[in-house]
Amino acid sequence: MRLLVVEDEPELGRLLLANLARLGLSADLATDVATAADFVSAGGYDLVLLDQRLPDGNGLDLLRRLRAKRNETPVIVVSAADAVQDRVAGLHGGADDYIVKPFALDELVARIRAVLRRPGRALGVELALGNVRFNCVSCAVEIDARPVLLPRRELAALEALMRADGRVITRETLEDAIYAMNEERQSNVLESSVSRLRRRLAGEGATIEIRVVRGVGYRLVATTAAAAPDMAADP
Amino acid sequence: MTHRAFSLERQLLLRLSAIFLGSFLLFGVVYLFLIKNDAQFHALEEVGERAASIGQHIHRTADGGFTFNAATRRMMARQTRGAGIAAIALPSNRLVAGSSAGLLPALLNSPADAVLNSRISLVEDGLTVRTVQTVHHDGQAFRIILQMPMSREQIEILGLTDEFTQEIIPCFLPALTLAILVTWLTLRRRLRPLRRASAEAARVSVDAPGQRVGTDEIASEVLPLIHAVNQALARLEADVAAQRRFAANAAHELRTPLAVLRARVEGLPPGEARQFLERDIDRMSRAVAQMLLTARVQSRQVGEMAPLALVPLVREVLADLVPLADQTRRQLMLEVISQPVVRGNEAALNSAVRNLVENALRFTPPGDCVRVQVGPGATITVEDHGPGVSDEDKARIFQPFWRAEAPHAGGAGLGLAIVSGVMALHDGRVTVEDVPGGGARFVLSLTLTADTRPMPRPVPA
Numbered sequence: 083m084r085l086l087v088v089e090d091e092p093e094l095g096r097l098l099l100a101n102l103a104r105l106g107l108s109a110d111l112a113t114d115v116a117t118a119a120d121f122v123s124a125g126g127y128d129l130v131l132l133d134q135r136l137p138d139g140n141g142l143d144l145l146r147r148l149r150a151k152r153n154e155t156p157v158i159v160v161s162a163a164d165a166v167q168d169r170v171a172g173l174h175g176g177a178d179d180y181i182v183k184p185f186a187l188d189e190l191v192a193r194i195r196a197v198l199r200r201p202g203r204a205l206g207v208e209l210a211l212g213n214v215r216f217n218c219v220s221c222a223v224e225i226d227a228r229p230v231l232l233p234r235r236e237l238a239a240l241e242a243l244m245r246a247d248g249r250v251i252t253r254e255t256l257e258d259a260i261y262a263m264n265e266e267r268q269s270n271v272l273e274s275s276v277s278r279l280r281r282r283l284a285g286e287g288a289t290i291e292i293r294v295v296r297g298v299g300y301r302l303v304a305t306t307a308a309a310a311p312d313m314a315a316d317p
Numbered sequence: 055m056t057h058r059a060f061s062l063e064r065q066l067l068l069r070l071s072a073i074f075l076g077s078f079l080l081f082g083v084v085y086l087f088l089i090k091n092d093a094q095f096h097a098l099e100e101v102g103e104r105a106a107s108i109g110q111h112i113h114r115t116a117d118g119g120f121t122f123n124a125a126t127r128r129m130m131a132r133q134t135r136g137a138g139i140a141a142i143a144l145p146s147n148r149l150v151a152g153s154s155a156g157l158l159p160a161l162l163n164s165p166a167d168a169v170l171n172s173r174i175s176l177v178e179d180g181l182t183v184r185t186v187q188t189v190h191h192d193g194q195a196f197r198i199i200l201q202m203p204m205s206r207e208q209i210e211i212l213g214l215t216d217e218f219t220q221e222i223i224p225c226f227l228p229a230l231t232l233a234i235l236v237t238w239l240t241l242r243r244r245l246r247p248l249r250r251a252s253a254e255a256a257r258v259s260v261d262a263p264g265q266r267v268g269t270d271e272i273a274s275e276v277l278p279l280i281h282a283v284n285q286a287l288a289r290l291e292a293d294v295a296a297q298r299r300f301a302a303n304a305a306h307e308l309r310t311p312l313a314v315l316r317a318r319v320e321g322l323p324p325g326e327a328r329q330f331l332e333r334d335i336d337r338m339s340r341a342v343a344q345m346l347l348t349a350r351v352q353s354r355q356v357g358e359m360a361p362l363a364l365v366p367l368v369r370e371v372l373a374d375l376v377p378l379a380d381q382t383r384r385q386l387m388l389e390v391i392s393q394p395v396v397r398g399n400e401a402a403l404n405s406a407v408r409n410l411v412e413n414a415l416r417f418t419p420p421g422d423c424v425r426v427q428v429g430p431g432a433t434i435t436v437e438d439h440g441p442g443v444s445d446e447d448k449a450r451i452f453q454p455f456w457r458a459e460a461p462h463a464g465g466a467g468l469g470l471a472i473v474s475g476v477m478a479l480h481d482g483r484v485t486v487e488d489v490p491g492g493g494a495r496f497v498l499s500l501t502l503t504a505d506t507r508p509m510p511r512p513v514p515a
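Respectively, the protein sequence lines represent chains H and X.
Residues are numbered in the working numbering as their position in the first sequence, beginning at 1, plus a constant of 82.
Residues are numbered in the working numbering as their position in the second sequence, beginning at 1, plus a constant of 54.
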């Protein structure tokens with residue numbers, strides 16, 4: 083897997099490359115729009131980390147040009163501007179995500195992983211937490227290497243929770259996940275689906291647990307001290 | 055001195071109308087003075103009319119004779135020197151009724167043509183007017199002879215009244231009405247561009263730059279004011295743009311070195327020093343973010359306002375802050391009382407709620423729970439069980455760079471100023487009150503929009 087870092091501040095670019103390399107991610111550095119455009123059109127990048135302010139133009143213009151040419155390489159826009167208008171401009175321009183400077187390396191890597199996990203992207207389609215594995219393509223669930231069958235809503239809830247990667251997922255987001263597009267929503271369906279899923283996970287001996295943040299939403303935590311899967315370990 | 059605004063249109067209309075009316079009156083007086091010599095003619099006319107009227111009111115008595123009506127008889131009884139009246143039935147030429155001893159014989163004995171002609175004779179203090187009118191009444195023809203002495207004043211007043219009612223008013227009233235109407239319409243028409251300009255000026259906002267007051271149809275006297283307003287707008291806009299550019303540049307110039315610093319520290323081998331440095335960078339980053347946000351809120355650069363459901367917004371903020379709560383060993387919970395929808399800017403309200411919850415997490419004791427509540431109405435309440443806010447601080451905490459005495463406060467002292475700025479942008483307000491048993495309760499109050507659902511949705515237990 084190969085990343086392209088587009089960053090005009092040479093020190094930041096160098097340090098980012100070094101830090102990503104320590105996590106097993108190899109990346110190239112482009113310091114202006116023209117170089118970045120050449121690199122991307124040469125192909126072979128799984129993801130571009132794109133700064134907005136560059137000496138010869140705006141990163142978002144490059145992004146728009148790429149998308150106009152049907153180049154769908156995932157792009158995370160990096161910027162010092164955090165006003166929502168900027169974020170919206172970035173996302174409308176075809177960015178897959180947006181991160182504001184200064185950012186923690188952990189957060190950057192988490193976002194890279196999330197973007198690459200989307201269907202058809204470079205990173206594996208299998209999500210794992212504790213002894214639970216979830217295949218995003220086949221929707222097969224394995225607990226402790228044993229296949230487990232889940233009803234539709236519980237399956238959708240588990241996928242959403244596993245994709246959230248330990249972050250809290252709000253009731254609204256989870257509700258969106260468990261209902262089909264035009265399905266009529268009923269009260270308490272979310273609660274009952276989550277509590278059935280919770281009982282099933284416990285019954286199957288899963289080492290993950292659904293925790294409630296009262297009034298806010300749910301999150302998945304590993305009950306054993308399982309380390310977060312290393313980025314480099316993903317196929 | 056009062057500063058009550060007056061209406062230019064009303065004042066001009068009133069004054070011009072007064073001027074028209076005044077000049078009309080003045081003209082009338084001058085005119086009357088000039089036509090004063092016509093007074094005798096008016097006097098004759100008046101007496102003639104009176105004689106005709108008297109003739110109309112002669113009626114038959116029971117014995118077959120004729121008599122004047124009661125009003126005429128009363129008038130005759132009052133008659134003064136030189137006055138007289140006689141009614142002569144025609145064609146018999148017989149006197150049927152009359153008054154004024156002394157006058158009648160003179161009248162009747164005068165030569166016929168002298169009697170039968172109206173005439174005016176000058177006497178020392180006025181005129182004596184005699185009129186002869188032939189009247190048909192009750193199937194009988196009468197000749198009425200009326201002679202009246204009139205003083206100069208009487209004659210002049212008579213003349214004035216006649217001139218006014220018969221000539222001046224019919225001629226000038228329409229002209230006066232027309233003049234006032236045209237004045238009013240012109241004023242309305244000419245002031246309309248000014249009203250339009252006011253409406254345009256009212257639409258000027260820093261969020262929609264380039265808005266200017268139009269100069270179409272504006273009167274040349276007002277044009278300099280409009281130009282001056284437009285120039286002031288341009289200068290203000292340039293200032294706001296410069297301030298915004300500064301904020302954007304500052305964002306870039308401050309965040310890039312912080313990003314370099316952060317990346318450098320993250321490349322260090324793990325250990326206590328790296329941990330401390332990362333914490334310091336976090337703190338510095340937060341301070342920079344808050345200052346930039348304050349600058350944006352103060353220059354009203356928060357972007358678009360749209361209908362916004364508060365519950366999902368608060369949930370997103372809390373979901374984001376759960377890791378911070380975990381880290382600091384506090385809990386978060388949300389209670390949903392209602393599902394308010396307000397008109398607002400998502401990012402700004404998000405920062406306001408985030409700042410309040412971060413504060414609460416900082417001040418509430420470890421192991422405790424920060425309780426957030428949405429509703430009733432469009433309110434968001436954040437409650438902690440920390441030291442609370444003393445009464446004298448309650449007014450001050452929303453000022454920029456105010457710091458609690460607590461040594462672990464951490465932030466740049468801008469959090470609550472941001473909250474209060476964001477509330478001001480939304481015509482809302484933030485208040486702080488004490489929690490019984492210790493702690494602070496911050497309440498954000500906003501205005502509901504029409505599409506708020508009244509019924510709360512079920513909340514997980």
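Yeah, the Cβ is synthetic: ideal placement off N, Cα and C, and Gly gets one too.
Check, Outcome
"When you compare the CB of Met387 of chain X with every CB in chain H, is at least one pair closer than 8 angstroms?", "yes"
"Check whether the region 119-136 of chain H and the region 148-165 of chain H touch, using three or more Cβ-Cβ pairs below 8 angstroms as the test.", "yes"
"Less than 7 angstroms between C-beta atoms, sequence neighbours within five positions excluded: which residues of the same chain meet that for Cys221 of chain H?", "Leu237"
"Note down, one range per segment and in chain order, each beta strand (DSSP E) of at least 3 residues found wholly within the region 418-499 of chain X.", "423-428, 433-437, 483-488, 494-499"
"Touch check for the region 252-267 of chain H and the region 331-347 of chain X: three-plus C-beta pairs under 8 angstroms?", "no"
"Less than 6 angstroms between C-beta atoms, sequence neighbours within five positions excluded: which residues of the same chain meet that for Ala155 of chain X?", "In this prediction, Ala155 of chain X scores a pLDDT of 48, lower than 50, which makes its location untrustworthy; the coordinate-derived value is nonetheless stated afterwards. Excluding positions up to five away in sequence, the list is empty."
"What's the gap between the Cα of Val66 of chain H and the Cα of Arg299 of chain X?", "Not covered by the structure: residue 66 of chain H. The range shown for chain H is 83 to 317."
"Thinking C-beta only, is Leu86 of chain H closer than 8 angstroms to Ile313 of chain X?", "Looking at the sequence itself, residue 313 of chain X is Ala, so the reference to Ile does not match. No; because the gap between Cβ atoms is not below 8 angstroms, this pair is not in contact."
"Just mark Ala162 of chain H as buried or exposed, buried being the case when its beta carbon has 16 or more other beta carbons within 10 Å.", "buried"
"Please list the terminal residues of the continuous alpha helix (DSSP H) segment that includes Arg84 of chain H.", "Where Arg84 of chain H is concerned, there is no enclosing alpha helix (DSSP H), although the beta strand (DSSP E) it sits in stretches over 84-88."
"Determine the closest residue to Ala72 of chain X out of X:Val426, X:Ile234, X:Pro366, with distance taken between C-alpha atoms.", "X:Ile234"
"Tell me which residues share the same chain as Glu437 of chain X and place their Cβ nearer than 6 angstroms to its Cβ, disregarding the 5 neighbours each side in the sequence.", "Arg425, Val489, Arg495"
"With a cut-off of 8 angstroms, does the C-beta of Ala100 of chain H fall near any C-beta of chain X?", "yes"
"Exposed or buried, which one is Phe330 of chain X when buried takes at least 16 other CB atoms within 10 Å?", "exposed"
"Quick one: give me the first and last residue of the alpha helix (DSSP H) that Val365 of chain X is part of.", "364-381"
"If you run the structure through DSSP and keep just helix, strand and coil, what is Thr237 of chain X?", "helix"
"Counting only Cβ pairs nearer than 7 angstroms, list the residues of chain H close to Ser259 of chain X.", "Residues of chain H passing the Cβ test: none, with the nearest at roughly 16 angstroms."
"Is the number of C-beta pairs between the region 222-241 of chain X and the region 111-122 of chain X that are closer than 8 angstroms three or more?", "no"
"Report yes or no: is there a C-beta of chain X within less than 8 angstroms of the C-beta of Ala124 of chain H?", "no"
"State the DSSP-derived secondary structure class of Asn409 of chain X, mapped to helix, strand or coil.", "helix"
"Are the C-beta of Thr310 of chain X and some C-beta of chain H separated by less than 8 angstroms?", "yes"
"Between Gln373 of chain X and the rest of its own chain, which residues show a CB-CB distance below 8 angstroms, the 5 nearest in sequence each way excluded?", "The residue asked about is misnamed: residue 373 of chain X is Ala in this sequence, not Gln. Cβ within range, chain order: n/a, list empty."
"Verify whether the separation of the beta carbon atoms of Gly138 of chain X and Gln201 of chain X is less than 8 angstroms.", "yes"
"Which one of X:Ala195, X:Thr215, X:Ala253 has the shortest CA to CA distance from His96 of chain X?", "X:Thr215"
"Within 8 angstroms of any Cβ in chain X, is that where the Cβ of Val223 of chain H sits?", "no"
"Looking at chain X, is there any beta carbon in it that lies within less than 8 angstroms of the beta carbon of Phe295 of chain H?", "Contrary to the premise, residue 295 of chain H reads as Val rather than Phe in this sequence. It does; some Cβ of chain X falls within 8 angstroms."
"How about the region 208-216 of chain H and the region 362-376 of chain X: do they share at least three Cβ pairs that are nearer than 8 angstroms?", "no"
"Excluding sequence positions up to five away, which residues of its chain have a Cβ less than 7 angstroms from the Cβ of Leu272 of chain H?", "Arg253, Leu256, Glu257, Ile260"
"Is Ala168 of chain X helix, strand or coil when you go by DSSP?", "Only weak support exists for where Ala168 of chain X lies, its pLDDT of 49 falling under 50; the value from the coordinates is given anyway. Helix, per DSSP."
"Which bits of chain H does Pro419 of chain X rub up against, with CB to CB less than 8 angstroms?", "Per Cβ cutoff of 8 angstroms: no residues; Pro419 of chain X is ~19 angstroms from chain H at best."
"For Ile126 of chain X, name the three-state secondary structure that DSSP assigns.", "Strictly speaking, residue 126 of chain X in this sequence is Thr, with Ile absent from that position. Helix, per DSSP."
"Given a threshold of 16 other Cβ atoms within 10 Å of its Cβ, counted over all protein chains shown, does Ile320 of chain X qualify as buried or as exposed?", "One detail in the question is off: residue 320 of chain X reads as Glu in this sequence, not Ile. Buried is the call here."
"Excluding the 5 residues preceding and the 5 following Ser499 of chain X in the sequence, name in chain order all residues of the same chain whose CB lies nearer than 6 angstroms to its CB.", "Thr433, Gly482, Arg483"
"Quick one: give me the first and last residue of the beta strand (DSSP E) that Ser161 of chain H is part of.", "157-161"
"Give me whichever residues DSSP pairs with Arg215 of chain H in a beta bridge.", "H:Ala210, H:Glu224"
"Once DSSP output is grouped into helix, strand and coil, what is the label at Arg289 of chain X?", "helix"
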